[in-house]
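Structure record follows, encoded as structure tokens.
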Amino acid sequence: MTATRLALSTTFALSACQGSQTAFDPAGVEAERVLTLFWIMLAGGGAIWAVVVGLGFYATRVAPEQHSEKAGLRLIIWGGCGFTTIVLAALLFWGLKMMPELRRPADGPTVAVSGEQFWWRVAYGVEGDPGVVRNLPMGGVPSANEIRIPLGQRTEILLSSPDVIHSFWVPQLAGKMDAIPGRVNRLILEPTEAGVFNGACAEFCGTAHAQMGFRVVVVSESEFEAYVQAQAEPAAVVDSAGLDLFLQNGCAACHSVRGTPADGDVGPDLTHLASRRTIAAGLLPTTEENIAAFIASPDHLKPGVEMPAFGMLPNEQIAQIAAWLGSLE
Amino acid sequence: MTDRRTNATGEPNQEDEEVRRGQEERLRTVWAAPRSWRYWSAVNNTEVGVWYTAAAFGFMLFAGVLALMMRVQLAVPENDFLSATFYNQVYTLHGTAMMFLFAVPIFEAVAIILLPQMLGARDLPFPRLSAFGFWCFVIGGVFVCGSIFFGAAPNAGWFMYPPLTTNEQYTPGYGPDIWLLGLSFIEVASIAAAVELIVGTLKCRPPGMRLNLMPLYGWYVLVVAGMILFAFPPLIAGDILFELERMFDWPFFDPSRGGDPLLWQHLFWIFGHPEVYIVFLPAVALVAMIVPTFAQRPILGYSWIVLAAVGTGFISFGLWVHHMYTTGLPSISLGFFSAASEAVAIPTGVQIFVFLATLLTGRVIYSVPMLFVSGALAIFVIGGLTGVMVALVPFDWQAHDTYFVVGHLHCVLIGGMLFPLAAGIYYYWPIVGGRRLSDKLGRVAFWLMFAGFNLAFLPMHYSGLAGMARRVWTYSEELGVGMANFASSIGAFVFAAGFLVIVWDVLRPRGKEAHARRNPWNAGTLEWLTEMPGESWGVRSVPIVTTRYPLWEQPNFIDDVDKGRFYLPDAEEMKRETIITSVLDGEPLQCLRVPGPSFMPMIAAVLTGAVFIFATFHWWAATFAAMGLSVASIIVWLWRGTAEIPEKAEKNVGLGLKLPLYKSGPHSIGWWAMFITMTGDAMAFIGLIFGYYYFFTIHADFPPPAAVGPGVFWPGVALAMFALAWGAALFGGISNRAERIGTSRALMAAGTLTSLAGSAALLWGPYVTGLDPTAHVYPATVWVLAIWTAVHGGVGGLMLGYCLGRSFAGRLTPAHDVDISNVTLYWHFMGGTALLTVTTLALFPILT
Chain A
1 MTATRLALST TFALSACQGS QTAFDPAGVE AERVLTLFWI MLAGGGAIWA VVVGLGFYAT
61 RVAPEQHSEK AGLRLIIWGG CGFTTIVLAA LLFWGLKMMP ELRRPADGPT VAVSGEQFWW
121 RVAYGVEGDP GVVRNLPMGG VPSANEIRIP LGQRTEILLS SPDVIHSFWV PQLAGKMDAI
181 PGRVNRLILE PTEAGVFNGA CAEFCGTAHA QMGFRVVVVS ESEFEAYVQA QAEPAAVVDS
241 AGLDLFLQNG CAACHSVRGT PADGDVGPDL THLASRRTIA AGLLPTTEEN IAAFIASPDH
301 LKPGVEMPAF GMLPNEQIAQ IAAWLGSLE
Chain B
330 MTDRRTNATG EPNQEDEEVR RGQEERLRTV WAAPRSWRYW SAVNNTEVGV WYTAAAFGFM
390 LFAGVLALMM RVQLAVPEND FLSATFYNQV YTLHGTAMMF LFAVPIFEAV AIILLPQMLG
450 ARDLPFPRLS AFGFWCFVIG GVFVCGSIFF GAAPNAGWFM YPPLTTNEQY TPGYGPDIWL
510 LGLSFIEVAS IAAAVELIVG TLKCRPPGMR LNLMPLYGWY VLVVAGMILF AFPPLIAGDI
570 LFELERMFDW PFFDPSRGGD PLLWQHLFWI FGHPEVYIVF LPAVALVAMI VPTFAQRPIL
630 GYSWIVLAAV GTGFISFGLW VHHMYTTGLP SISLGFFSAA SEAVAIPTGV QIFVFLATLL
690 TGRVIYSVPM LFVSGALAIF VIGGLTGVMV ALVPFDWQAH DTYFVVGHLH CVLIGGMLFP
750 LAAGIYYYWP IVGGRRLSDK LGRVAFWLMF AGFNLAFLPM HYSGLAGMAR RVWTYSEELG
810 VGMANFASSI GAFVFAAGFL VIVWDVLRPR GKEAHARRNP WNAGTLEWLT EMPGESWGVR
870 SVPIVTTRYP LWEQPNFIDD VDKGRFYLPD AEEMKRETII TSVLDGEPLQ CLRVPGPSFM
930 PMIAAVLTGA VFIFATFHWW AATFAAMGLS VASIIVWLWR GTAEIPEKAE KNVGLGLKLP
990 LYKSGPHSIG WWAMFITMTG DAMAFIGLIF GYYYFFTIHA DFPPPAAVGP GVFWPGVALA
1050 MFALAWGAAL FGGISNRAER IGTSRALMAA GTLTSLAGSA ALLWGPYVTG LDPTAHVYPA
1110 TVWVLAIWTA VHGGVGGLML GYCLGRSFAG RLTPAHDVDI SNVTLYWHFM GGTALLTVTT
1170 LALFPILT
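Chains A and B supply the protein sequences, listed in that same order. In terms of my numbering, the first sequence is residues 1 to 329. In terms of my numbering, the second sequence is residues 330 to 1177.
Structure, rendered in structure tokens:
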């Protein structure tokens, strides 16, 4: 049992940064339907393109001589008006019909996600208010940059932002939805496969926009329950030099580690940092070396990041902090 | 007593060569461009149009270099050729410059060159306004582009979404201010050009050219200029709100004080989507001129294509929300805008099929312009089809803000605009340069551009769906789009090489190369009357036009024009003249004296530019000084250069036709220009009013109880004052015409004072009730409406004062009353503005 879990977690650790982000390999209901729609539109569009361009080639190169005006006018009426109207109407009908289906209310958990420069604040176990709300309910179990959702349920993601507009996009699961200050938007994720799926910020939000990623991990319902419960627990704190250095150097001004005096609310909650696949919003796999490198020089790895550099600390102190953070499962 | 130099009616005998030579000498002198340093005071369309085009292409090349820098950076994953901060400036400036400094201005530039030629006019009605627009454009463009050399360029994308851009905390520095103020200034230039082009197509057509005989290019100009008039003002309204927030912390887009970031998105895209068609339709217009020539037959389905162009213009205003499918709007709105977005493909399809049908029914001659037209068709249809895809809401949820959209928009813009423009360059170059461009270089350029384009932009559709968001300065190896991006980068350089071949073909030294023969493509429309090389007078005599393709369909046409057998074959009084006709039927109404070279437009543009530039850097004293000087320069320009009283009431323009030299009221071009300008102005005002009612729809407590302010009393006083001033303008004009000069002057003076008092009262309301514009979006909205209307009241007062001065100076008389008649028209708009403002500010809070 433990062996399997160990094997599993190693596989996950290895694939942490190799999760995919392509809409061509869907693993969610919306992404699947949209991909089918795309292939059909591509085939139809290709045929229309060939006919129109072929007609132009015929008229100018193959048979440049005069043809009857009657045929020409018929072409304008049936080709330009009739054909386009019919095709577009059919396509529109299909596209509109998809929407209520995809936007059906959720039957699974609600997760609040707040896009912030340049990471994602996550809260599990929140209550979604069906009315118009302007602020996210952030009271639940806090986490960051990695969202776990159960397979076989429709999870509702509530989206907003305290700073600028971001956009939440996991191409393999569904289309994107903006996180807008002063508004709460809803997105339904209905995965059809378990696995790790990469997400990105799709709306330009400042210097580090390109490196504002996240992971969505789809697990079974029971694993999801267990995960949220584990995240709700405080950190298993062992007295260590790393914790002392963490507190002494002001890290706690921005970060929380529940179970310690660190209760900052500016940056990501680090209580269970080591349980997450990546650090720095999907940028690097969670290893002690990467944590140390990021503490020493975050702006080098992620230009524009809000976190100040701690390169002035001796290397061994940074390593101690990193080792402690790396132990927070 | 007639000699051989005059005919039976006493007019000059056009068959006499000596008579003609004398006329040509006078025309040449009158229309000649000034020499040496005074050359830059030229205002004629042949000079200003060419400068305008050259400047737009200059900005295009600059933006193209920025694009290549981006492609180098993105060629391989995790590249560090550009830093994140610099890349963000580069992509923002690339989009901004291509849209605002190339795509839209090039339409105005080309239209300024071609439109008078196509309409057989000697010039557009307001050449100095064109020149003013050009100088504004150059100053604003250099200001915006130059910022990147100081690392201070705007860096948040060409649509500048707040709150990223409105808050100094997220975007420190001057970048967004440079974008807003530099481009607002250029928008003013665009609106000036729109006014010029609308009046040009409606009033400067040759006698006999009814509206349904107008060349298709004219129709497209009319549609596009009309769209500019309705699309740009909402953006100006948005810019005002934006800059007030950024500079003075008025919270229009700040949700913590009642604002909403989405309001900007609405205002921006109400402009931004029509903008796409403002870019695309003028290029279709070029194709609509090229296709009939190479099919050697008139366009098939003239009414179809005109209706389609007008239809596209209309529908394009109902699509803006398709840029906002992922902002969480209700499904029902998304459905409506999705349907409208699909619908716009129908008129677009009609236009394409009109061209195909014309080619099919003609005897096609294939040449370089046709090659570019074919390339345009192939690429644009791809862009159109992917457009149909992204117009569908569920697909857009995936594709939005990814490289799929980047690929789509470049297919539309390059296929729909740049390729037709290249076709236009090869087709029309003889009119500008007197020679044809090289067929061989043209083919080389085409194939490089065509191959390069497809290699660069087709893979982007893949990259986008494979997970690459747009506006990223780098991407990781694991994303799996390295190959696609590498191909895009290679393609971009091949494409650029192709474009440089065109640049070389245009600029290469010609030595003793022979001039092209006249009408080298055997076209049918008036612009091909141009001699090779061209004469500064444009057209030898202003023809009577009875067909759509007079060079094909009216016998002996070129010879009649050349021999001066039509109107205005001479410039007896050594003044620049052209003929003004009626809007629908093209009946000659007036012989218009067109103003000649002057430095005033340039000076006014420099001073107006200074206002915007100083404001960017918050140099308030300098800003207000420049504002005063710029108003003064415009008054001097108007005083010395407009509504001049001619030495005689009418003149013989040829063929026994006598036309008045002075007109006022709805038959005059000034009245039309005022009407059109004020329509645009009203659109900006409606943009601000939209803001007020937008907040009403999203907040339960907007507006707050009437007691909060600005109250009813002071706005009411303001409305009464404005009503008095409005009446004073109206009756001032009437009594002037009735030769009751004293009454008229008294009314003008009274109108000046009451309108200033009205402005003061309107501002006093929110001030005395203590509305603090930084506290909440409600007081901010009240203040912005009050200030808008108060400023318009001030301008209206100034105008009445100007008329009073003109009356005392003898430049405004009962028979020559253009000034007061146009100012009265201004006051009709001002009256409406005041009424709507006061109703909204004072009455609406009571009703709700």
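Idealized CB from N, CA, C, for every residue including glycine.
Spatially closest choice to residue i from the options, by CA coordinates
i        : options                                    : result
Phe748/B : Arg772/B, Ala371/B, Gly1038/B and Trp726/B : Arg772/B
Pro109/A : Gly259/A, Arg148/A and Gly175/A            : Arg148/A
Val605/B : Leu738/B, Phe571/B and Val650/B            : Leu738/B
Ser167/A : Pro884/B, Leu610/B, Gln727/B and Met699/B  : Gln727/B
Pro113/A : Ala280/A, Ala323/A and Asn145/A            : Here residue 113/A is Val; the residue named in the question, Pro, does not match the sequence. Nearest option by C-alpha distance: Asn145/A.
Leu390/B : Ala1054/B, Gly827/B and Leu558/B           : Gly827/B
Glu156/A : Leu136/A, Val164/A, Asp163/A and Pro162/A  : Leu136/A
Met861/B : Asn783/B, His947/B and Val761/B            : Val761/B
Below-7 Å beta-carbon distance, residue i vs any chain B residue
i        : result
Asn185/A : yes
Gly182/A : yes
Met212/A : no
His166/A : no
Leu37/A  : yes
Leu301/A : no
Met177/A : yes
Ile76/A  : yes
Contact check, residue i vs residue j, beta carbons under 7 Å
i         : j         : result
Ile435/B  : Val473/B  : no
Leu75/A   : Phe1051/B : no
Cys254/A  : Val266/A  : yes
Ala481/B  : Tyr499/B  : no
Phe709/B  : Gly744/B  : yes
Phe895/B  : Pro917/B  : no
Pro1044/B : Phe461/B  : no
Ser143/A  : Gln231/A  : yes
Glu190/A  : Val34/A   : no
Thr655/B  : Lys302/A  : no
Tyr878/B  : Leu592/B  : no
Val608/B  : Met746/B  : yes
Leu270/A  : Gln211/A  : no
Backbone CA spacing between residue i and residue j [nearest angstrom]
i         : j         : result
Tyr880/B  : Ala383/B  : The sequence shown places Leu at residue 880/B, not Tyr. C-alpha separation (whole angstroms): 30 Å.
Glu376/B  : Met428/B  : 24 Å
Lys532/B  : Phe455/B  : 12 Å
Arg355/B  : Phe577/B  : 57 Å
Pro621/B  : Tyr756/B  : 12 Å
Thr1081/B : Phe478/B  : 47 Å
Leu706/B  : Gly678/B  : 11 Å
Ala522/B  : Ala1002/B : 11 Å
Beta carbon proximity, residue i to chain A, threshold 7 Å
i        : result
Trp633/B : yes
Tyr280/B : Here chain B covers residues 330 to 1177 and nothing more, so residue 280/B does not appear.
Glu671/B : yes
Tyr499/B : yes
Val801/B : yes
Thr656/B : yes
Phe415/B : no
Any residues in the segment 93-108 of chain A with a beta carbon nearer than 9 Å to a beta carbon of chain B? Which ones, in chain order? Trp94, Gly95, Leu96, Met98, Met99, Pro100, Leu102 and Arg103
Any C-beta of chain A within less than 9 Å: which residues of the segment 717-730 of chain B qualify? So the close ones are Val717, Met718, Ala720, Leu721, Val722, Pro723, Phe724, Asp725, Trp726, Gln727, Ala728, His729 and Asp730.
Can you give me, in chain order, the residues of the segment 696-712 of chain B that have a beta carbon less than 7 Å from any beta carbon in chain A? Met699, Ser703, Leu706, Ala707, Val710 and Ile711
Against chain A: residues of the segment 586-598 of chain B by CB proximity under 8 Å: Gly588, Asp589, Pro590 and Leu591
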